[in-house]
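Asks:
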Amino acid sequence: MAKELKYNRRRLQTSYLSTVIGITLVLYMMGVLGLVILHAKKISDYVKENIGFSIIMNDDVKEADIFMLQKTLDATSYVKQTEYITPEQAANELMEDLGEDFISFLGYNPLLPSIEVKLNAQYANNDSLEVIKNQLLENQNIKEVDYQKSLVHLVNENIKRVGLILLAVSVLFLFIAIALINNTIRLAVYSKRFIIKSMQLVGATQSFIRRPFIAKGVVQGVIAAILTIVLLALTLYWSQKTIPELVDVQNIDLYLLLFGFVLLLGMIIAWISTYFAVRKYLKIKTDYLYFY
Amino acid sequence: MGLDTIISLNKVSVYQKQHLVLANVCLHIDKGEFVYLIGRTGSGKSSLLKTFYADLPVIDGNASIAGHDLRTIKNKQIPMLRRKIGIVFQDFQLLIDRSVEANLMFVLRATGWKDKNKMRDRIDDVMAKVGLTTKGYKMPHQLSGGEQQRVVIARALLNDPEIILADEPTGNLDPETSDGIMNLLFDISKTGRAVIMATHDYGLIERFPSRIIKCEMGKVVDQKCEEDNVGPETNNHDLEEDKLEKDGTQNVVEHSDVIIVNDDNQTKEEHNPAPEIDSEDTKPANQG
Numbered sequence: 156m157a158k159e160l161k162y163n164r165r166r167l168q169t170s171y172l173s174t175v176i177g178i179t180l181v182l183y184m185m186g187v188l189g190l191v192i193l194h195a196k197k198i199s200d201y202v203k204e205n206i207g208f209s210i211i212m213n214d215d216v217k218e219a220d221i222f223m224l225q226k227t228l229d230a231t232s233y234v235k236q237t238e239y240i241t242p243e244q245a246a247n248e249l250m251e252d253l254g255e256d257f258i259s260f261l262g263y264n265p266l267l268p269s270i271e272v273k274l275n276a277q278y279a280n281n282d283s284l285e286v287i288k289n290q291l292l293e294n295q296n297i298k299e300v301d302y303q304k305s306l307v308h309l310v311n312e313n314i315k316r317v318g319l320i321l322l323a324v325s326v327l328f329l330f331i332a333i334a335l336i337n338n339t340i341r342l343a344v345y346s347k348r349f350i351i352k353s354m355q356l357v358g359a360t361q362s363f364i365r366r367p368f369i370a371k372g373v374v375q376g377v378i379a380a381i382l383t384i385v386l387l388a389l390t391l392y393w394s395q396k397t398i399p400e401l402v403d404v405q406n407i408d409l410y411l412l413l414f415g416f417v418l419l420l421g422m423i424i425a426w427i428s429t430y431f432a433v434r435k436y437l438k439i440k441t442d443y444l445y446f447y
Numbered sequence: 159m160g161l162d163t164i165i166s167l168n169k170v171s172v173y174q175k176q177h178l179v180l181a182n183v184c185l186h187i188d189k190g191e192f193v194y195l196i197g198r199t200g201s202g203k204s205s206l207l208k209t210f211y212a213d214l215p216v217i218d219g220n221a222s223i224a225g226h227d228l229r230t231i232k233n234k235q236i237p238m239l240r241r242k243i244g245i246v247f248q249d250f251q252l253l254i255d256r257s258v259e260a261n262l263m264f265v266l267r268a269t270g271w272k273d274k275n276k277m278r279d280r281i282d283d284v285m286a287k288v289g290l291t292t293k294g295y296k297m298p299h300q301l302s303g304g305e306q307q308r309v310v311i312a313r314a315l316l317n318d319p320e321i322i323l324a325d326e327p328t329g330n331l332d333p334e335t336s337d338g339i340m341n342l343l344f345d346i347s348k349t350g351r352a353v354i355m356a357t358h359d360y361g362l363i364e365r366f367p368s369r370i371i372k373c374e375m376g377k378v379v380d381q382k383c384e385e386d387n388v389g390p391e392t393n394n395h396d397l398e399e400d401k402l403e404k405d406g407t408q409n410v411v412e413h414s415d416v417i418i419v420n421d422d423n424q425t426k427e428e429h430n431p432a433p434e435i436d437s438e439d440t441k442p443a444n445q446g
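Chains A and B, in that order, give the protein sequences. For the first sequence, this note's numbering assigns the number 156 to the initial residue and increments by one for each residue that follows. For the second sequence, this note's numbering assigns the number 159 to the initial residue and increments by one for each residue that follows.
#1: Going by beta carbon distance, what residues of the same chain come within less than 8 angstroms of A:Ile-381, once the five residues before and after it are set aside?
#2: Tell me whether B:Ser-414 is buried or exposed, calling it buried when 16 or more other Cβ atoms sit within 10 Å of its Cβ.
#3: Compare the C-beta of B:Asn-317 with all C-beta atoms of chain A and state if any pair is closer than 9 angstroms.
#4: By Cβ distance below 8 angstroms, which residues in the same chain neighbour A:Ile-384 in space, the five residues on each side in sequence not counted?
#5: Does any residue of chain A bring its CB to less than 9 angstroms from the CB of B:Asp-325?
#6: Quick check on the burial criterion: 16 or more other C-beta atoms within 10 angstroms. Buried or exposed for B:Gly-294?
#7: How would you list, in chain order, the residues of chain A whose beta-carbon sits under 9 angstroms from the beta-carbon of B:Ala-268?
#8: Taking the beta carbon of A:Asp-301 as the centre, do at least 16 other beta carbons fall within 10 Å, making it buried, or is it exposed?
#9: So the alpha helix (DSSP H) A:Val-357 belongs to, where does it begin and stop?
#10: Out of A:Ser-394, A:Ala-379, A:Ser-209, A:Lys-396, state which residue places its alpha-carbon closest to the alpha-carbon of A:Ile-178.
#11: Is the number of C-beta pairs between the segment 216-232 of chain A and the segment 289-301 of chain A that are closer than 8 angstroms three or more?
#12: Any idea if A:Tyr-445 is buried or exposed, counting beta-carbon neighbours within 10 angstroms, 16 or more meaning buried?
#13: Along the alpha helix (DSSP H) that carries B:Thr-209, what are the first and last residues, could you check?
#14: How many angstroms separate the CA atom of B:Ile-370 from the CA atom of B:Ile-223?
#15: Can you tell me whether DSSP reads B:Asn-261 as helix, strand or coil?
#16: Using 8 angstroms as the cut-off, can you tell me whether the segment 243-250 of chain A makes contact with the segment 270-288 of chain A, which would need three or more C-beta pairs spanning the two stretches below that distance?
#17: Output the distance between the C-alpha atoms of A:Gly-223 and A:Ala-388, rounded to the nearest integer angstrom.
#18: At the level of alpha carbons, what is the spacing between A:Ile-211 and A:Leu-274?
#19: With a threshold of 9 angstroms between beta carbons, is A:Ile-439 in contact with chain B?
#20: Using the C-alpha atoms, what's the distance from B:Thr-199 back to B:Thr-407?
#21: Check B:Met-297 in the structure and name its three-state DSSP category.
#22: Give the secondary structure of B:Asp-325 by DSSP, where H, G and I count as helix, E and B as strand, and everything else as coil.
#23: Put B:Leu-180 into one of helix, strand or coil per three-state DSSP.
#24: Report the option in B:Asn-261, B:Gln-248, B:Ala-312 whose CA atom is closest to the CA atom of B:Val-284.
#25: Is DSSP giving B:Ser-368 helix, strand or coil here?
#26: Quick check on the burial criterion: 16 or more other C-beta atoms within 10 angstroms. Buried or exposed for B:Gln-306?
#27: In the DSSP assignment, what residue or residues form a beta bridge with A:Asp-301?
#28: Check each residue of the segment 366-390 of chain A: if its Cβ is closer than 8 angstroms to any Cβ of chain B, include it; give the result in chain order.
#29: From the DSSP output, read off the bridge partner residues of B:Leu-195.
#30: From the DSSP secondary-structure annotation, give me the bridge partner or partners of A:Tyr-239.
#31: Just to check my reading of the structure: A:Glu-238 and A:Ile-206 have Cβ atoms closer than 8 angstroms, yes? What is that Cβ distance to the nearest angstrom?
#32: Is the beta carbon of B:Leu-207 sitting closer than 9 angstroms to the one on B:Asp-325?
#33: Give the straight-line distance between the Cα atoms of B:Asp-249 and A:Thr-441, rounded to the nearest whole angstrom.
#34: Tell me, which residues are paired with B:Lys-377 by DSSP?
#35: So who's on the other strand from B:His-186, going by DSSP bridges?
#36: Considering just the uninterrupted stretch of the alpha helix (DSSP H) at B:Ile-311, what are its terminal residues?
What follows is the structure, encoded as structure tokens:
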């Protein structure tokens, strides 16, 4: 007797467990995708913020004026950081690159003072750069503004493409997620279709019958989400150990946001799927219960 | 019919999907009436009962049950209708995934009961009425057919419904328990509830005589309705008897006379009621 009860309970738990595991797997896929998206943003920002331009000053500009321009640039919204490069520094760099002392060869330093500007990510596109360039050229002290148009374009194009692919994949995953969860819950509800019918026959309203199913579904969604969050945390921990530069520990807020999103998604998907799965058997005529 | 009419069917056809089961059904049942619904297996008794609780749709004619019009009833109102009807299902319809007590508790919660103590009292009350006070903790599959049937009867009584529909409520019961249940149902009908009972047990009808409605040849034969409409089944009795004999169901053959004679309410008293029933049980049920 006791053995039988135990067996029964274990069997019930097994089906319960498989639903949770199903939801967990799907949420984990979504979560990993979320992590990739988070890091893709980081990577793209990193690349974009390394795109910059050089402002080449005229030869006769006083160093005080250059410092003032640098200060003004630092104060604008589009500049992330600036660096003043004196002709001597530029010459040293060039000499290292060439491996040749061209100053003693030429007899003077032909290089001009310049400011290296790194832009904020959202301004790192050709249109903004053009506007910024034209503004700067109004300044008499500036000889020219130099940037690699093709590089900027290339980076932006690729990021757009990668973003689109990620978006498409995540939409696909969402569909798979809903289909999978819906299927698992539908099976659970299907096994109770006669009980649902009996409930209707004794005068229970549809929402009253639906309620415990949805409550159970949402609890399963929450449990699956918690499992997913643990798995995601482990994944982060593991990837931080293997590729430290990939994971930014300071980004904890974003990770929390992602975890919250996973929790919400688990609940919503379980709720909607259960709602429609139960609804089907609430609407169905008694005769059809035997055919479906 | 009068103000007391609680079930009123006028020229209703009962369909199982596209198949016509009963045509032109005309039926009026008053509060406080006890009515037998008889007929061979497959004659449409259960379908008629299903129509009463809106499990089968009413497609033509007029039908009104406990103030609900079955032609126009909305899906949302069906639970409200079913709360006014206590149904003893032929196939029990117990919730097999929970104990007997939880089954009864479910019905109470579903119909809006809140107070835990009152709910428990009510459950003890109905379980005592059907003589199952010690089985509340069991699962339905652990009970015998008769015990399950009594649980279903107890469930039907929970909300003190205006109408009780019983589809062979004594089919799995021993004679003593059957008599107990019959006395219970008659007592309920005496408190102003309509009781409709489908049965094959003509011995039971003999011992507890009351108004009889008969399903045969796709028609419902009811004395009361014939007064309003000319009944189409005037000469069907002999034919029916022949068929019954071929059918081989001893119960039906043995008591086929009883069906016909009892069809008339007035002749009821001639069939001697079984000695164990006091006459009070039968008389009030005849008033309709």
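Backbone N, C-alpha and C fix where the C-beta goes; we use that ideal spot for every residue, glycine too.
Replies: On the basis of the data shown:
#1: Only Leu-418 meet the Cβ criterion.
#2: Since pLDDT at B:Ser-414 reaches only 35, below the 50 mark, its modelled position is unreliable, and the value read off the structure follows with that caveat. With a 10 Å radius around the Cβ and a threshold of 16 neighbouring Cβ atoms, B:Ser-414 comes out buried.
#3: For B:Asn-317, the answer is yes, since a Cβ of chain A falls inside 9 angstroms of its Cβ.
#4: Exclusion of the five residues before and after A:Ile-384 leaves Gly-186, Phe-414, Val-417, Leu-418 as the residues of its chain whose Cβ lies within less than 8 angstroms of its Cβ.
#5: No, no contact with chain A.
#6: Here B:Gly-294 is buried: its Cβ has 16 or more other Cβ atoms, across all protein chains shown, within 10 Å.
#7: Simply Met-354, Val-357, Gly-358, Ala-359, Thr-360, Phe-363, Ile-364.
#8: Classification for A:Asp-301: exposed.
#9: Where A:Val-357 is concerned, there is no enclosing alpha helix (DSSP H), given that its DSSP letter is neither H nor E.
#10: When only C-alpha atoms are compared, the closest one is A:Ala-379.
#11: Yes: at least three Cβ pairs fall under 8 angstroms.
#12: Looking at its Cβ environment, which holds fewer than 16 other Cβ atoms inside 10 Å, A:Tyr-445 is exposed.
#13: Looking at the DSSP string, the run of the alpha helix (DSSP H) that includes B:Thr-209 is 203-210.
#14: Roughly 19 angstroms between the two C-alpha positions.
#15: B:Asn-261: helix per DSSP, three-state reduction.
#16: Because the criterion of three Cβ pairs below 8 angstroms is not met, the segment 243-250 of chain A and the segment 270-288 of chain A do not touch.
#17: Note that residue 223 of chain A corresponds to Met in the displayed sequence, not to Gly. Looking at the two C-alpha atoms, the distance is approximately 47 angstroms.
#18: Rounded to the nearest whole angstrom, the CA to CA distance from A:Ile-211 to A:Leu-274 is 17 angstroms.
#19: Chain B has no Cβ within less than 9 angstroms of the Cβ of A:Ile-439.
#20: Only weak support exists for where B:Thr-407 lies, its pLDDT of 39 falling under 50; the value from the coordinates is given anyway. Here the C-alpha atom of B:Thr-407 lies approximately 10 angstroms from the C-alpha atom of B:Thr-199.
#21: The answer is coil: DSSP assigns B:Met-297 none of H, G, I, E or B.
#22: It is a strand residue.
#23: Residue state for B:Leu-180 is assigned as strand, using DSSP reduced to three classes.
#24: It is B:Ala-312.
#25: Secondary structure of B:Ser-368 (DSSP, three-state): coil.
#26: Taking all protein chains in view, the Cβ of B:Gln-306 is crowded by 16 or more other Cβ atoms within 10 Å, so the residue is classified as buried.
#27: DSSP links A:Asp-301 through a beta bridge to A:Ser-209.
#28: Within the segment 366-390 of chain A, no residue has a Cβ lying closer than 8 angstroms to any Cβ of chain B.
#29: In DSSP, B:Leu-195 forms a bridge with B:Ala-356, B:Ile-371.
#30: Its beta-bridge partners are A:Ile-270.
#31: Not a contact, Cβ separation roughly 14 angstroms.
#32: Yes, these two residues count as a Cβ contact at 9 angstroms.
#33: Spanning the alpha carbons of B:Asp-249 and A:Thr-441 requires a straight line of approximately 13 angstroms.
#34: Beta-bridge pairing links B:Lys-377 to B:Glu-374.
#35: Partner(s): B:Ser-166.
#36: Per DSSP, the continuous alpha helix (DSSP H) segment holding B:Ile-311 begins and ends at 303-315.
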